[in-house]
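Trainee:
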Amino acid sequence: MQHGIFLFSRRKALITTLLGGAWLCAGFASASQELRVLTHSSFGVPKPLLAQFEKEAGVKLRISKAGDAGEMLNKLILTRKAPIADVVYGIDNTLAAKAIAADVLDAYSGPASQRAAAQALPAPLVPVDYGYVTINYDVQWFAKRNLALPSSLDDLAQPTMARLLVVQNPATSSTGYAFLLATIGAMGEEKAFDWWARMRKGGVKVAKGWSEAYYTDFSRAEGGTRPLVISYATSPAAELFYSKEKLTQPPTGSLSLPGAVFKQVEGVALVKGGQARPAAEKFIEFMRSAEVQKQMQTEMWMYPVEPGVARADVMKFAPEPAKADTPSDKDIADKGATWVARWTQVVLK
Amino acid sequence: MAKSRFGFPPRAGDWALACLPLVFLLAALIAPALRLLAEAADVGSSDAAWLAPLQDPYLRWRLLWSGLQAGITCGLVLLLGLPMAWVLARLEFAGRSGLLRALMLPFVVPTLVAAMGVLALAGPQGLWQRWGGASWQGTPYLLLYGNVFFNLCVLVRAATEALEQVSASRVAAARTLGATPWRAFWRIEWPAIAPWLMSALCLVFLYCFAGFGLALVLGGPGYATVEVEIYTLVAYELQINQAGVLAVWTLCLTAPCALAYAILERRLATPLRADRIARHKPQSTGQWLAVCLTVLMLGLVCAAPVLAIVARAVGAGAAAWAVLLEPDTLHALWNTLRFSASALVLATVLGVCHAMAAQRWALLRAIAFLPFVVSPVLVAFGLLLLYPAWAASAPLLVAAYALLAYPFIAKSLASALDGMPAHYMHAAASLGASPWRAFWRVRWPLLQPALRRGMAFAAATAVGEFAVTLFLSRPEWATLTTLIYEHLGRPGQTHYASALVLSCALMALAFGAFMLMEWPARDDPLNPSPHA
Numbered sequence: 001m002q003h004g005i006f007l008f009s010r011r012k013a014l015i016t017t018l019l020g021g022a023w024l025c026a027g028f029a030s031a032s033q034e035l036r037v038l039t040h041s042s043f044g045v046p047k048p049l050l051a052q053f054e055k056e057a058g059v060k061l062r063i064s065k066a067g068d069a070g071e072m073l074n075k076l077i078l079t080r081k082a083p084i085a086d087v088v089y090g091i092d093n094t095l096a097a098k099a100i101a102a103d104v105l106d107a108y109s110g111p112a113s114q115r116a117a118a119q120a121l122p123a124p125l126v127p128v129d130y131g132y133v134t135i136n137y138d139v140q141w142f143a144k145r146n147l148a149l150p151s152s153l154d155d156l157a158q159p160t161m162a163r164l165l166v167v168q169n170p171a172t173s174s175t176g177y178a179f180l181l182a183t184i185g186a187m188g189e190e191k192a193f194d195w196w197a198r199m200r201k202g203g204v205k206v207a208k209g210w211s212e213a214y215y216t217d218f219s220r221a222e223g224g225t226r227p228l229v230i231s232y233a234t235s236p237a238a239e240l241f242y243s244k245e246k247l248t249q250p251p252t253g254s255l256s257l258p259g260a261v262f263k264q265v266e267g268v269a270l271v272k273g274g275q276a277r278p279a280a281e282k283f284i285e286f287m288r289s290a291e292v293q294k295q296m297q298t299e300m301w302m303y304p305v306e307p308g309v310a311r312a313d314v315m316k317f318a319p320e321p322a323k324a325d326t327p328s329d330k331d332i333a334d335k336g337a338t339w340v341a342r343w344t345q346v347v348l349k
Numbered sequence: 001m002a003k004s005r006f007g008f009p010p011r012a013g014d015w016a017l018a019c020l021p022l023v024f025l026l027a028a029l030i031a032p033a034l035r036l037l038a039e040a041a042d043v044g045s046s047d048a049a050w051l052a053p054l055q056d057p058y059l060r061w062r063l064l065w066s067g068l069q070a071g072i073t074c075g076l077v078l079l080l081g082l083p084m085a086w087v088l089a090r091l092e093f094a095g096r097s098g099l100l101r102a103l104m105l106p107f108v109v110p111t112l113v114a115a116m117g118v119l120a121l122a123g124p125q126g127l128w129q130r131w132g133g134a135s136w137q138g139t140p141y142l143l144l145y146g147n148v149f150f151n152l153c154v155l156v157r158a159a160t161e162a163l164e165q166v167s168a169s170r171v172a173a174a175r176t177l178g179a180t181p182w183r184a185f186w187r188i189e190w191p192a193i194a195p196w197l198m199s200a201l202c203l204v205f206l207y208c209f210a211g212f213g214l215a216l217v218l219g220g221p222g223y224a225t226v227e228v229e230i231y232t233l234v235a236y237e238l239q240i241n242q243a244g245v246l247a248v249w250t251l252c253l254t255a256p257c258a259l260a261y262a263i264l265e266r267r268l269a270t271p272l273r274a275d276r277i278a279r280h281k282p283q284s285t286g287q288w289l290a291v292c293l294t295v296l297m298l299g300l301v302c303a304a305p306v307l308a309i310v311a312r313a314v315g316a317g318a319a320a321w322a323v324l325l326e327p328d329t330l331h332a333l334w335n336t337l338r339f340s341a342s343a344l345v346l347a348t349v350l351g352v353c354h355a356m357a358a359q360r361w362a363l364l365r366a367i368a369f370l371p372f373v374v375s376p377v378l379v380a381f382g383l384l385l386l387y388p389a390w391a392a393s394a395p396l397l398v399a400a401y402a403l404l405a406y407p408f409i410a411k412s413l414a415s416a417l418d419g420m421p422a423h424y425m426h427a428a429a430s431l432g433a434s435p436w437r438a439f440w441r442v443r444w445p446l447l448q449p450a451l452r453r454g455m456a457f458a459a460a461t462a463v464g465e466f467a468v469t470l471f472l473s474r475p476e477w478a479t480l481t482t483l484i485y486e487h488l489g490r491p492g493q494t495h496y497a498s499a500l501v502l503s504c505a506l507m508a509l510a511f512g513a514f515m516l517m518e519w520p521a522r523d524d525p526l527n528p529s530p531h532a
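Sequences listed follow chains A and B, in order. Letter 62 of the first sequence, counting from 1, is numbered 62 in my numbering, and no numbers are missing. Letter 398 of the second sequence, counting from 1, is numbered 398 in my numbering, and no numbers are missing.
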């Protein structure tokens with residue numbers, strides 16, 4: 001009978017659905033002994049290294065990416081009474097003072113925290129890597145028009161130059177925030193905001209985040225018109241490394257204008273109230289181990305802080321800027337939010 | 001089926017059915033948001049300034065612009081979508097059903113990728129400018145175009161389905177009595193489809209008002225919406241009090257809209273007719289012209305950005321396409337499938353319960369909009385606070401996906417239930433069927449098209465991007481969307497090419513899923529197509 005078949009097939013469909021659902025959920029079951037690692041979304045350590053760590057430390061890694069570093073720290077601060085992680089990687093010098101004031105980190109005194117490092121972070125953060133936020137330019141664009149690159153921040157504020165630059169909104173982007181801090185570090189608050197007012201008048205463009213600026217506004221992107229963008233000093237090396245036609249020279253360059261370079265140091269730390277303490281400590285040592293320090297260079301495009309570790313070959317296209325203008329950690333912690341609010345007032349409202 | 005305008009009081013059975021969705025909303029939406037607001041004082045958030053959105057010109061403009069752009073988008077999609085829907089519902093031409101399904105694709109395209117497509121067309125140095133138009137960069141048009149691109153399908157699909165339910169004999173009678181086609185449309189068809197259109201427009205309004213991914217990218221700082229402001233306040237500044245104030249203001253502005261819609265929909269509901277108007281081949285030049293215009297408009301509004309993405313991915317060369325076979329991609333594909341499937345199962349259960357319970361209960365209908373109106377960033381942070389042990393756990397992630405997906409199913413089913421003639425159930429009962437049997441054998445099959453439509457939207461939401469940036473994501477759970485964003489977060493041409501290729505794969509997957517979901521509609525025994 002047709003109706004019978006109809007009913008049967010429906011019931012069968014229902015059972016199939018339920019069984020299928022159970023099977024799908026089964027895949028989500030997690031292991032018992034876990035180390036919960038909280039990171040920002042740019043975390044990149046090769047899988048084989050992570051697997052090796054799991055084997056040696058006898059734990060299962062549970063890595064959670066919590067958005068960009070600022071968003072990640074805020075999640076950590078909000079959940080401090082019942083922490084969502086045991087160890088956190090990615091808090092940098094712009095956020096260190098805030099993290100320490102919020103009392104979400106625990107002290108660590110193992111070898112990695114005692115060893116000499118190329119860059120320092122306030123304890124209890126253990127430095128892992130560092131990099132520079134700076135202006136990048138499109139080599140071809142300037143060559144084609146036979147235009148000179150800006151030579152100073154004042155030069156950049158000329159209307160003909162300002163409209164060539166796209167920056168990220170410091171309220172929603174860590175690169176944008178870093179660049180704002182550099183200008184304040186170099187010129188002082190009052191002069192810096194005068195400069196920003198001139199940039200606004202000159203037609204500087206503001207994008208939401210790094211990806212938007214780099215992949216839609218930068219002249220290297222299809223449809224993009226701005227040959228100057230805020231990015232990292234290592235981005236030209238990455239462009240070369242990931243170029244399609246295997247270039248020999250990077251298609252972009254980093255422009256280390258005085259007053260426009262921010263040094264960013266990223267670190268790892270124990271989370272207060274976290275569990276699996278021995279494994280968490282091992283993870284801190286792991287992040288400073290020679291292998292990770294070597295391999296993360298071309299994953300995260302940062303320089304290693306471990307002095308003995310060799311630079312990746314391609315990093316010769318990413319020379320370190322001679323000078324960086326970084327306000328003190330304390331100033332950043334005390335005034336950072338006010339500066340962003342003032343920036344919004346000056347540049348956007 | 002007794003109708004009460006305001007839906008009070010609900011029956012005991014309604015309460016029982018409503019239990020599941022209400023408990024879910026309470027646990028996954030309301031409690032987390034309140035929990036976050038309760039934490040405000042503890043993290044040194046400044047005091048709430050309740051009138052700030054009125055006093056501060058910046059915030060006032062944010063609120064005003066949010067409403068304005070949503071309203072304008074509603075007008076645009078109605079104007080563009082209704083004629084298209086008429087053509088799709090009344091005329092039969094090759095590729096019609098494919099077109100209807102392809103309409104859903106914008107829904108799954110990650111915002112940033114869609115923005116790239118839109119910019120390639122209407123941005124600086126885009127096609128539009130090359131053809132002599134002005135760049136839309138820095139104007140509100142870019143955001144409006146993006147809004148229409150994402151939302152046109154909501155209206156066209158609702159209107160098409162509504163037009164298919166219009167009684168053929170009534171239209172025929174009107175025509176016999178001398179009504180012009182226009183008058184027949186205005187007096188017979190329009191009243192029948194109005195509630196469906198209202199439902200769709202309401203969804204579009206709330207989606208644009210509360211949507212924030214698109215506004216962040218295309219709006220630019222000048223034309224960002226209030227939701228962007230809330231996101232910034234919570235995620236970057238921990239000014240939870242101020243965010244809470246804005247969220248309450250948003251709720252105050254959108255809640256009346258949702259409630260008015262719910263009441264209106266009940267009032268406008270007309271039972272559906274079994275005698276549908278059959279589609280016919282275009283007979284006159286005018287009708288052929290209408291078909292061509294529809295295809296052209298759809299091409300311009302919806303397909304162009306998608307095609308721009310595909311064209312670029314193809315242009316990236318064979319080497320870039322190799323990314324499809326990488327283990328990471330295959331794993332992400334599997335994750336996309338299992339997360340979406342789990343979320344869809346949960347969303348369907350919730351949606352069916354909600355819609356069944358809300359038949360006589362306007363307030364409950366309005367509540368189905370909550371997941372759209374309450375800022376997702378409040379929910380995402382609140383969930384972490386409320387369930388720390390479940391942070392970055394699969395059930396929480398699936399629940400979050402389902403939370404944003406299920407209102408689509410609830411809305412779609414609620415409209416279909418309104419249109420259900422009461423005498424079908426009476427007939428079944430008088431023939432001795434138990435209420436459960438009558439439901440299972442009569443109503444349920446009749447609800448299938450609406451259920452499938454809702455599920456298609458829900459699935460699109462689930463494979464799409466929303467949770468990607470807000471919720472904790474674990475690398476081993478990376479979905480295709482997460483992977484696309486990871487590539488776009490790093491410099492280098494190969495990353496860019498991979499992102500484009502993966503976007504194409506995501507669209508192909510979604511298109512396949514919609515095909516599969518709606519396939520059985522063709523041989524539904526109770527809803528024979530005119531050609532069966």
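Ideal placement from N, C-alpha and C gives every residue a C-beta, glycine not left out.
When you compare the CB of lysine 335 (chain A) with every CB in chain B, is at least one pair closer than 8 Å?
Mentor: False, the Cβ-Cβ gap to chain B never drops below 8 Å.
Trainee: Are there 16 or more other CB atoms within 10 angstroms of the CB of asparagine 146 (chain A), so buried, or fewer, so exposed?
Mentor: Exposed.
Trainee: Considering glutamine 264 (chain A), what are the terminal residues of the alpha helix (DSSP H) in which it resides?
Mentor: Premise fails: glutamine 264 (chain A) lies in the beta strand (DSSP E), 262–271, not in any alpha helix (DSSP H).
Trainee: Do you know how far the Cα of leucine 38 (chain A) is from the Cα of glutamate 71 (chain A)?
Mentor: Going by the C-alpha atoms only, they are around 11 Å apart.
Trainee: In terms of alpha-carbon separation, which member of A:Leu50, A:Gly67, A:Val347 lies closest to lysine 201 (chain A)?
Mentor: For the residues A:Leu50, A:Gly67, A:Val347, the minimum Cα distance to lysine 201 (chain A) belongs to A:Val347.
Trainee: Counting contacts by CB-CB distance shorter than 8 Å, is glutamate 227 (chain B) in contact with chain A?
Mentor: With 8 Å as the cut-off, glutamate 227 (chain B) does not count as an interface residue toward chain A.
Trainee: Mapping DSSP to helix, strand and coil, what is arginine 226 (chain A)?
Mentor: Strand.
Trainee: What are the start and end residues of each continuous alpha helix (DSSP H) run of 4 or more residues lying completely inside the segment 21–92 of chain A, in chain order?
Mentor: Listed in chain order, they are 47–57, 69–78.
Trainee: Going along chain B, which residues have a C-beta under 7 Å from threonine 172 (chain A)?
Mentor: Here the neighbours are Thr232, Tyr236.
Trainee: Counting only Cβ pairs nearer than 7 Å, list the residues of chain B close to phenylalanine 241 (chain A).
Mentor: In chain order: Gly492.
Trainee: Taking Cβ positions only, does histidine 548 (chain B) come closer than 8 Å to chain A?
Mentor: The first residue shown for chain B is 1 and the last is 532, placing residue 548 (chain B) beyond what the model contains.
Trainee: Whose CA, out of B:Trp288, B:Leu64, B:Arg35, B:Thr160, lies closest to the CA of threonine 254 (chain B)?
Mentor: Out of B:Trp288, B:Leu64, B:Arg35, B:Thr160, B:Leu64 has the C-alpha closest to the C-alpha of threonine 254 (chain B).
Trainee: Between the alpha carbons of glutamine 71 (chain B) and glycine 286 (chain B), how many angstroms are there, rounded?
Mentor: Note on residue identity: the sequence assigns glycine, not glutamine, to residue 71 (chain B). Spanning the two alpha carbons is a distance of roughly 32 Å.
Trainee: Name, going along the chain, the residues of the segment 58–74 of chain A whose beta-carbon falls closer than 8 Å to a beta-carbon of chain B.
Mentor: Per Cβ criterion, the list reads Arg62, Ile63, Ser64, Lys65, Ala66, Gly67, Gly70, Glu71, Asn74.
Trainee: Is it true that the CB of alanine 258 (chain B) sits closer than 8 Å to the CB of phenylalanine 369 (chain B)?
Mentor: Contact flag set, yes.
Trainee: Whose CA, out of A:Pro48, A:Ser42, A:Glu54, lies closest to the CA of phenylalanine 283 (chain A)?
Mentor: Checked all of A:Pro48, A:Ser42, A:Glu54; the closest Cα to phenylalanine 283 (chain A) is A:Glu54.
Trainee: Report yes if the CB atom of glycine 44 (chain A) is closer than 8 Å to the CB atom of glutamate 299 (chain A), and no otherwise.
Mentor: Cβ atoms of glycine 44 (chain A) and glutamate 299 (chain A): closer than 8 Å.
Trainee: Given alanine 343 (chain B), which residues of its chain have a CB within under 7 Å of its CB, disregarding the five upstream and five downstream residues?
Mentor: Excluding residues within five positions, the ones whose Cβ falls inside 7 Å are Val398, Tyr401, Ala402, Ala405, Ala462.
Trainee: Kindly indicate which three-state DSSP category valine 109 (chain B) falls into: helix, strand or coil?
Mentor: Here valine 109 (chain B) sits in coil by DSSP.
Trainee: Starting from the C-beta of alanine 312 (chain A), find all residues in its chain whose C-beta is less than 7 Å away, skip the five residues before and the five after it, and write them out in chain order.
Mentor: Here the set comprises Gln297, Thr298.
Trainee: At a CB-CB cut-off below 8 Å, which residues of chain B make contact with threonine 79 (chain A)?
Mentor: Residues of chain B passing the Cβ test: Leu384, Leu385, Pro388, Ala391.
Trainee: What residues in its chain sit with their C-beta under 6 Å from that of methionine 425 (chain B), if we drop five residues either side in the sequence?
Mentor: Once the five neighbours on either side are set aside, the close Cβ partners of methionine 425 (chain B) are Ala438.
Trainee: Less than 8 Å separating the beta-carbons of tryptophan 196 (chain B) and alanine 159 (chain B)?
Mentor: In contact: tryptophan 196 (chain B) and alanine 159 (chain B) (Cβ atoms closer than 8 Å).
Trainee: Using the C-alpha atoms, what's the distance from leucine 105 (chain B) back to methionine 116 (chain B)?
Mentor: Spanning the two alpha carbons is a distance of roughly 15 Å.
Trainee: I'd like to know whether the C-beta atoms of proline 127 (chain A) and glycine 274 (chain A) end up nearer to each other than 8 Å.
Mentor: In this structure, glycine 274 (chain A) does not lie closer than 8 Å to proline 127 (chain A) by Cβ.
Trainee: Answer yes or no: does any C-beta atom of chain B fall closer than 8 Å to that of tyrosine 303 (chain A)?
Mentor: So, not an interface residue.
Trainee: Quick one: Cα of threonine 250 (chain B) to Cα of aspartate 103 (chain A), how far?
Mentor: Using only the alpha carbons, I get a separation of about 34 Å.
Trainee: What distance in whole Å lies between the Cβ atoms of proline 122 (chain A) and aspartate 106 (chain A), which are believed to be in contact at a cut-off of 8 Å?
Mentor: Contact doesn't hold; Cβ gap of about 14 Å is too wide.
Trainee: When the distance is taken between beta carbons, is lysine 330 (chain A) closer than 8 Å to tyrosine 130 (chain A)?
Mentor: No, the pair does not count as a contact, with Cβ atoms beyond the cut-off.
Trainee: Please go through the same chain and pick out, in chain order, the residues whose beta-carbon is closer than 8 Å to the beta-carbon of methionine 517 (chain B), but skip the five residues on each side of it.
Mentor: Only Arg452, Met455, Ala456, Ala459 meet the Cβ criterion.
Trainee: Check the Cβ-Cβ distances between tyrosine 350 (chain A) and every residue of chain B, and say whether any is below 8 Å.
Mentor: Chain A is shown from 1 up to 349; residue 350 (chain A) falls before or after that span and cannot be answered.
Trainee: If you measure between the beta carbons of leucine 35 (chain A) and alanine 280 (chain A), is that distance less than 8 Å?
Mentor: Yes; because the gap between Cβ atoms is below 8 Å, this pair is in contact.
Trainee: Return helix, strand or coil for serine 254 (chain A), following the three-state DSSP convention.
Mentor: It is a strand residue.
Trainee: Across the segment 152–171 of chain A and the segment 289–296 of chain A, are there enough close Cβ pairs to call them in contact, namely three or more that are closer than 8 Å?
Mentor: Too few Cβ pairs lie closer than 8 Å, so no.
Trainee: What would DSSP say about asparagine 146 (chain A), mapped onto helix, strand or coil?
Mentor: Coil.
Trainee: Given that tyrosine 137 (chain A) touches chain B, what residues does it touch there, using C-beta distances under 9 Å?
Mentor: Here the premise fails: no neighbours, minimum Cβ distance about 13 Å.
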